[in-house]
Every structure is written in structure tokens, then in C-alpha cells.
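Scroll down for the structure; my scribbles are underneath it.
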Amino acid sequence: MFERPDGGERALLVHVDIGAPANPDELEEFRDLAISAGAEVAGVVMGRRKAPDPRTYVGGGKVEEVAALIAAQGAELVIFNHGLSPSQERNLERELQCRVLDRTGLILDIFARRARSFEGKLQVELAQLRHLATRLVRGWTHLERQKGGIGLRGPGETQLETDRRLLSQRIAVLGERLAKVALNRDQGRRARAKADVPTLSLVGYTNAGKSTLFNRLTNSTVYTADQLFATLDPTLRRLSLRDGRAVVLADTVGFISHLPHELVAAFRSTLQESVEASLLLHVIDAASPQRAHCAHEVNEVLSQIGAAAVPQLEIYNKIDLIEGGGPRLELSENGTPRRVWLSARTGEGLDLLEEAIDRFFRGDRVHRRLRLGPAEGRLRARLFDLGGVLSETGTEEGGWEIEVELPLRQLERLLGQGGVRARPEPS
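Its first residue numbered 52, the sequence shown is counted upward by one per residue in the numbering used here.
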């Protein structure tokens, strides 16, 4: 048994390829993650194995190599670019006499730094506690001591059992609080659906430029930086389309390769904005050589949360970093917008994005003439609020004859509520 070492900022990074060699960009991403967490990278240890070692993941020889480098570089922390089991983490810390952190713990630490909203902090804490609960397994001496001393002797409960009980209680409390926050989010989504206000959700790999694009479209000041997970908390803003209709634009957390399942679970309520969206704006870093891989990883997470069936518009951002790259709009065979190439930083191509969004929502729109009586002023006002009125003339009865253009389902719902019939489309 040993006392678990205190944490430090000077870190060694360890990556071992299992089977096929790793992509160089994955290693660079790993380094960026460590730097984002505030680590001072003292060195990188790499290797290759056919299968993970069940005891230490990397094998005895590699553990000796890491231990020697710890002594040479004065490292205080070893970060593995892999998910370690509790026993592997415990065995490594015992042999290295140095604190060990796996990929999940590293991402959790970054999330804890980035969370700003009440909901975000709750979600991060819940994910951290769930991850920590799996680590309370007789590896740390302070966790197995009996309570002792005058007035402190209990019924034989060890510190490990006490910590487990306290963790379970805290996890239950956080779950209840997040359920209440999720209920408020659900109410907001139901209110937008009732008001026929569609939601557009920005999704994409971390650092693809979602927040920069969000700020451009909505004239907002959401924090942006050239770093992984620069923004964590979701932000919603109202956006007006070309025809005057209003939509809600949501900026969500960026995704990453091998995103831990507990993080996906903890942030499910936040990611629900993407599940319930009318359209996903999938932002892709056009200048990245790994853009296809990144897009695949994003689609994998979208499948996990049940958003795979939501219509998607691909936005290839950062064309200003591509030699000869220019803004353009690509359409599918049926004329539906498929891809937009733009630069959120310079503003090139934003008009094409607005056109693509307008085309998407115009695709199911119908053109009708309505004859409303004097008592149907509420329906008339609603049509104007939705921006669907093209022209209007008064009638002898004191009512109105209105020419409208609206999505078919929306128009049918409004007319059904008002008991009004639409005349055939004007010639």
C-alpha cells in the first residue's frame, strides 16, 4: 500500500499503439489536450503492442522506461492517451510513484476548467464523481483506515466505505438537480415548438470554428480561442432569416475522438438541443487534413445521442487557410443544399450559408390564399408574426383576403385551429 501522490503540472505523455500505428494528428491532439489542461509537457513516451497488458496496459518494460524518464525530467504526473481500468491506474501509480491520469480524467479536467454555467458545472461534477467512484478500490491507504479516536469510533465502517457512501449520495443529489434543469430545457423546447420556431444546432469537432460562426451569425460575443473545448456551455440566440422568419441557433460543446461514454451520458440533456433540432449545421475544419475522420467522429456521437436522423447541412469552415479556396454552395441532385464552403473569421460565404438555410426551410413551403372573417383577427396576427403574409386586401364583410407562404404542416395546423380553408394556389 502507498499514499497516493499529490498532483503536479509537469507531465509525461504516454501513447502506445495497439495493433495499427496511430495517426500523427491523434498524437498532436493528445498533446493539445494536455496543454489545454494546463500541463507542462516534459516528454512523450511512445510504443506499440499487439494487445494491452492487463496489469499496466503498457507492459513492464515500458513502465521501466517511463520511470527512468520521470526521474530524469522531474515529472510529477503521467498522462496516458488511453482509458485505464482502476486496477491498471493503481498498479501504475504504485510502480511509478507518480500520479497517473488517463484520457477520460484528462478531458474531465479540461471540462471542469471550461464550465461556466450552473448546468455545466453540475454536469462536469457528475461525470467526475462517476469516474472517481470506479477508482475507489483499495489502492490508497487513507481510504481503508477505520475511523478511530474518542468519539469517532463507528460501527466498523472503513474510510473506503464512507467515501463510497458519500459519493453515492452526492451523485444522487446532482442527478436530481440536473433533472430539474433538463425539465426547464424541455419546457423551453416545447414553447418554441408551440410557437413554430425551429431550432438550428451547430455541431462539430472541437476547434472547428463553431463559436466563431455563431458570433458572426448572431452578433454575439461567445468566447472563442484556438484551443480544444474553448467553450463548453450551450448558448442559444434568436436568428432572423431572409424572409423575416425567426429561428433559434444553438451552439453546443465540441466533439472529439474517443469521447468518453460518461461524458456523453452526463451531457445528454445539453446535447438534446441537437436531437430536437430542425437542422444540424455540421461545422468542419476545411483546412484540416483529418477533416473526414473528424466528421466521422462527430457523426458517431450524433448516433449515440439519437440525432443521426436529423437533417444535416455540412459547413466547411476556414477556407481562408486553404490555397485557392473560395466560398461556394453545393446542392444535392434534388436541389437541396448539401455543403457550404465559407470562412467564419473573414465572413466570406456567410451569404451562401444564409441562402442554404433559407432554401432548406423554403423547401416544404406552400403558396395559398386565405379568406378571413372579422372575427379571425387573432389568426391574421399570427400569420404576420410568422412572416408568412405576402399580400393582403380588405373584404366587404370587414375581413381580409390574404396571400400567404408557409411550411405546409405549419399552415395546416394554424388553419385547423381556426377552422379556415385555404383556396387553391394563385396562378
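Each residue gets a CB set at the ideal place from its N, CA and C atoms; glycine is no exception.
8 Å Cβ cutoff met for Ser329 and Leu382: As a working mapping, residue 329 is identified with position 278 in the sequence shown. As a working mapping, residue 382 is identified with position 331 in the sequence shown. No.
Between Leu63 and Arg289, what straight-line distance do the alpha-carbon atoms span, to the nearest angstrom? For the purposes of this step, residue 63 is taken as the residue at position 12 of the sequence shown. For the purposes of this step, residue 289 is taken as the residue at position 238 of the sequence shown. Each residue's alpha carbon lies about 45 Å from the other.
Identify, in the order they occur along the chain, each residue of the same chain with its Cβ nearer than 8 Å to the Cβ of Ala337, setting aside the five sequence neighbours on each side. For the purposes of this step, residue 337 is identified with residue 286 of the sequence shown, where counting begins at 1. Closer than 8 Å at the Cβ level, and outside the excluded window around Ala337, lie Tyr367, Asn368, Lys369, Ile370, Leu372, Ile373, Gly376, Trp392.
Report the residue from Arg419, Ala426, Val232 whose alpha carbon sits nearest the alpha carbon of Leu457. Your numbering for residue 457 matches position 406 in the sequence shown. Of the listed residues, the one whose Cα sits closest to Leu457 is Arg419.
Which listed residue (Leu84, Glu140, Arg267) has its alpha carbon closest to that of Thr397: In the sequence shown, the residue the question calls residue 397 occupies position 346. Of the candidates Leu84, Glu140, Arg267, the one whose C-alpha sits nearest the C-alpha of Thr397 is Arg267.
For Leu217, count neighbouring C-beta atoms within 10 Å of its own C-beta (all shown protein chains included) and say buried if the count is 16 or more, exposed if not. Indexing the sequence shown from 1 puts residue 217 at position 166. Flag for Leu217 reads exposed.
So is the beta-carbon of Leu180 under 7 Å away from any non-hydrogen atom of the ligand NAP? This structure lacks the ligand NAP; in fact it carries no ligand of any kind.
Is it buried or exposed, Phe81, if we count other Cβ atoms within 10 angstroms and call 16 or more buried? As a position in the sequence shown, residue 81 is number 30, starting the count at 1. Result: buried.
Exposure label - Glu140; buried when at least 16 CB within 10 Å: Within the sequence shown, the letter at position 89 stands for residue 140. Glu140 comes out buried.
Alpha carbon of Ile484 to alpha carbon of Ala184, nearest angstrom: This structure gives no information on residue 484, because the portion of the chain shown stretches from 52 to 478.
Check whether the Cβ atoms of Arg100 and Gly110 lie closer than 8 Å to each other. Here residue 100 is taken as the residue at index 49 of the sequence shown, counted from 1. Here residue 110 is taken as the residue at index 59 of the sequence shown, counted from 1. Yes, the Cβ-Cβ distance between Arg100 and Gly110 is below 8 Å.
Give the DSSP-derived three-state secondary structure of Gly190 in the structure shown. Locating residue 190 in the sequence shown gives position 139, where the first residue counts as 1. Any answer about Gly190 is weak, because its pLDDT of 43 lies below 50 and its placement is not dependable; what the coordinates show is given next. Gly190: coil per DSSP, three-state reduction.
For Leu253, which of Asn385, Ala297, Phe306 has the nearest alpha-carbon? As a first step, residue 253 is located in the sequence shown; it is residue number 202 there, counting from the start. It is Phe306 whose Cα lies nearest to the Cα of Leu253.
Please determine if the segment 214-228 and the segment 167-179 are in contact, where contact requires at least 3 C-beta pairs separated by less than 8 Å. yes
Below 8 Å on the Cβ atoms is my contact criterion, and I expect Pro378 with Glu399 to pass it. Report the Cβ-Cβ distance as a whole number of Å. In the sequence shown, counting from the first residue as 1, residue 378 sits at position 327. In the sequence shown, counting from the first residue as 1, residue 399 sits at position 348. That belief holds up - the Cβ atoms of Pro378 and Glu399 are roughly 5 Å apart, short of 8 Å.
DSSP three-state call for Val248: helix, strand or coil? Position 197 of the sequence shown, counted from the start, is the residue given in the question as residue 248. Coil at Val248, not helix or strand.
With respect to the alpha helix (DSSP H) encompassing Phe81, which residues constitute its N-terminal and C-terminal limits? For the purposes of this step, residue 81 is taken as the residue at position 30 of the sequence shown. Counting along the chain, the alpha helix (DSSP H) containing Phe81 begins and ends at 75-87.
Mapping the DSSP letters down to three states, classify Phe53 as helix, strand or coil. In the sequence shown, residue 53 corresponds to position 2, counting from 1. A caution first: Phe53 carries a pLDDT of 44, below 50, which makes its placement in the model too unreliable to give a value.
Check the C-beta distance from Phe131 over to Pro249 and give it rounded, since I have them as a contact under 8 Å. In the sequence shown, counting from the first residue as 1, residue 131 sits at position 80. In the sequence shown, counting from the first residue as 1, residue 249 sits at position 198. In fact, because the Cβ distance is near 43 Å, the residues do not count as touching under 8 Å.
Counting only the same chain and skipping the five closest in sequence on each side, list residues whose C-beta sits under 7 Å from that of Phe435. As a working mapping, residue 435 is identified with position 384 in the sequence shown. Here the set comprises nothing.
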